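Participant:
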Amino acid sequence: MLKKRVIPMLLLSDNRLVKGKKFKDFRETGMPESAIKIYSAQDSDELVLINIDRTMDGVTALERTLKVASKYCFMPLTVGGNIKEVSQIASMFRNGADKILLNTGIHEKESLAKEAIKLYGSQSIVGGLDYKKEGSKYLVYVNSGKINTGVDIETYAKKLEDIGVGELFINDIDRDGMLKGLNTDVISNIAEKLSIPVIACGGVGSQNDILEAFKGTQVSAVACSSIFCFGDHSPLRVRSFLKNSGIDVRRLK
Amino acid sequence: MIGVIDYGAGNLMSVIHAVEYEGYEVVIVKNKNQAEMCRGLILPGVGSYKEAINQLKIDNWDKIIENHISNDKKLMGICLGMQLLFETGEEDGLSKGLGLIKGKVVKFPKGTVRVPHMGWNSVEWKVRHKCNENIKSGIDFYHVHSYYCKPYDSSNILASCKYGIEFTTAIISDNIVGYQFHPEKSQPAGPELIRNFCEWTEC
């Protein structure tokens, strides 16, 4: 049986790790290399590394971090953030990435994802989707949550699935960094509508939030960062908590 | 020495780092001469079957690999690299594989499970071998694939995994081992499988 995954998400800016609230007000949380070493020592299920700088330097720094991480991190590594060219994707794969998360890149140019999927297979491309509530609707935002596409989350998610991405990573902008719980209504709806695995992110403040998502929705994985950066939680502790709560998590040895 | 075959596709660095981590000398091999210096070759692979097999054949890897095996040296295929060892694959239309293992590579049936099969899933060993020494059944390994291998001869099945159906996730023959999952991405047990392979190449 396929196990539920808990994925620490690391945001890179100017060679440091940061974490914000609602995609703003970023605080520094440490050095990427040391954080990655700790997550690796704790046998985290996976890692997601995202560059949040809108510069070419940001992509270069992401690649440099990836290179270091792949030396001792024998776990799946997903990278993303301002990736706009197939050549950048190729370079990330060469340097140890397993999956590339494309968000604004797909919105601007669907062919970017299609070409990458043709070359590397659908399983290697994760479609990123950031959403926010507007009135009674959930709409998709791009460019680090700055530009409203006007498209509702369900239509957008379906579109990403049709393009052929292997996984969908959905992030709730209003809940980001707030530690008040995941948006289980949205997660439940999207996971039910799609046939590819869905990773939910945005709002995890406790182990119980993760448990709730696994119990109440069909989500395949939960990604989080604040509870690991600012709390005393670790992937190891979360995994044992989930196991004791009846969730199927992986066996290491 | 262990050689990781570079045929232009995929994530070579993770495999190389995992071999190094286990204390074995490893090189990227790009041609026949380099391959001949290696006791063990690793065929990695991320990508689509058709693209990969075309690339392998353009660079003559089908012949180099056949030659390597007939000299009683060892080969390990990982993920797509294991699938390529089979006779045919149906990704992007039917194409011929390397044909070193009898059988075919087919897609997971639609509708019953989410495809790709992505994540940690437990592996049951069907036989004991130098390659899976000290690795218990029931440990989870990281799988990422939409197609799976159907060996024709059950003696080639080293391990199976359940995802909607039960499928073969590791294969074995006289001097070939293959893993559908990624040992180089499945710490802590995965790197041990890589060490076992490295030791096997010295047998």
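Top line first, the protein sequences correspond to chains F and P.
Residue numbers in the first sequence follow the working numbering, run continuously in steps of one, and reach 253 at the last position.
Residue numbers in the second sequence follow the working numbering, run continuously in steps of one, and reach 1203 at the last position.
Built from N, CA and C at the ideal position, the CB exists for glycine as well.
Only a predicted model underlies this, so the values are computations on that prediction, with no experimental measurement involved.
#1: Closest Cβ-Cβ distance between F:L252 and chain P: below 8 Å?
#2: Who are the neighbours of F:D162 on chain P, taking C-beta pairs under 9 Å?
#3: So which residues on chain P does F:K114 lean against when the C-beta distance must stay under 9 Å?
#4: State the Cα-Cα distance for the pair F:G275 and F:S136, rounded to the nearest angstrom.
#5: Just to make sure I have the definition right: I need the residues of chain F whose C-beta is within less than 7 Å of the C-beta of P:G1003. Which are they?
#6: Ends of the beta strand (DSSP E) at P:I1171?
#7: Between F:R239 and P:F1181, what straight-line distance do the alpha-carbon atoms span, to the nearest angstrom?
#8: Using the three-state DSSP reduction, which class does F:M178 fall into: helix, strand or coil?
#9: Given a cut-off of 8 Å, decide if P:G1119 and F:L102 are closer than it, judged by their beta-carbon atoms.
#10: F:G20 touches chain P at which residues, Cβ-Cβ below 9 Å?
#11: Nearest to P:V1027 by alpha carbon, out of P:M1082, P:V1004, P:H1129 and P:Q1055?
#12: Distance, Cα to Cα, F:S220 vs P:Y1147?
#13: Please name the residue in P:E1166, P:A1159 and P:E1133 whose C-alpha comes closest to that of P:I1172.
#14: Does any residue of chain P bring its CB to less than 8 Å from the CB of F:Y120?
#15: Give me, in chain order, the residues of the same chain whose beta-carbon lies closer than 7 Å to that of F:V249; leave out the 5 immediate sequence neighbours on both sides.
#16: Let's see if you can read the secondary structure: which residues bound the beta strand (DSSP E) around P:D1140?
#17: Does DSSP put F:P8 in a helix, in a strand, or in coil?
#18: Closer than 7 Å by C-beta to F:E33: which residues in its own chain qualify, once you throw out the five before and the five after it? Chain order, please.
#19: Jot down the residue ranges of each uninterrupted beta strand (DSSP E) in the segment 61 to 136 of chain F, minimum 3 residues, whole runs only, in chain order.
#20: Quick check on this structure: which residue in F:A35, F:L77 and F:I147 has the alpha carbon closest to the alpha carbon of F:R16?
#21: Could you please give the first and the last residue of the uninterrupted beta strand (DSSP E) stretch that includes F:T155?
#22: Please report the straight-line C-alpha distance between F:E167 and P:D1059, rounded to a whole angstrom.
#23: In the DSSP assignment, the alpha helix (DSSP H) including P:H1117 goes from what residue to what residue?
#24: Expressed to the nearest angstrom, what Euclidean distance is found between the alpha-carbon atoms of F:I52 and F:M92?
#25: Could you give the DSSP three-state label for F:F169: helix, strand or coil?
#26: Within 8 Å (strictly less), CB to CB, does F:D185 reach chain P?
#27: To the nearest angstrom, report how far apart P:E1051 and F:K21 are at their CA atoms.
#28: Can you confirm whether P:Y1142, when its beta carbon is compared against all beta carbons of chain F, has any partner nearer than 8 Å?
#29: Would you mind stating whether F:A223 and F:I190 have Cβ atoms separated by less than 8 Å?
#30: Got a sec: which bits of the segment 1004 to 1029 of chain P sit with their beta carbon under 8 Å from any beta carbon on chain F, in order along the chain?
Facilitator: According to the structure shown:
#1: yes
#2: Result: empty, since nearest Cβ-Cβ is about 14 Å, beyond 9 Å.
#3: By Cβ distance, chain P contributes nothing, its closest Cβ being about 12 Å from F:K114, past 9 Å.
#4: Residue 275 of chain F is absent from the structure shown; chain F starts at 1 and stops at 253.
#5: Chain F residues near P:G1003: none, gap ~17 Å exceeds 7 Å.
#6: I1165 to I1172
#7: 21 Å
#8: coil
#9: no
#10: Going along chain P, no residue has its Cβ under 9 Å from F:G20, so there is no contact; the nearest lies around 28 Å.
#11: P:V1004
#12: 19 Å
#13: P:A1159
#14: yes
#15: K3, K4, R239, L242 and K243
#16: D1140 to H1145
#17: strand
#18: V68
#19: 77 to 80, 99 to 102 and 125 to 134
#20: F:A35
#21: No beta strand (DSSP E) contains F:T155, which is instead part of the alpha helix (DSSP H) from I153 to I163.
#22: 32 Å
#23: Element bounds for P:H1117: not the alpha helix (DSSP H) but the beta strand (DSSP E), H1117 to S1122.
#24: 16 Å
#25: strand
#26: no
#27: 43 Å
#28: yes
#29: no
#30: A1009, G1010, N1011, L1012, M1013, S1014, H1017, A1018 and Y1021
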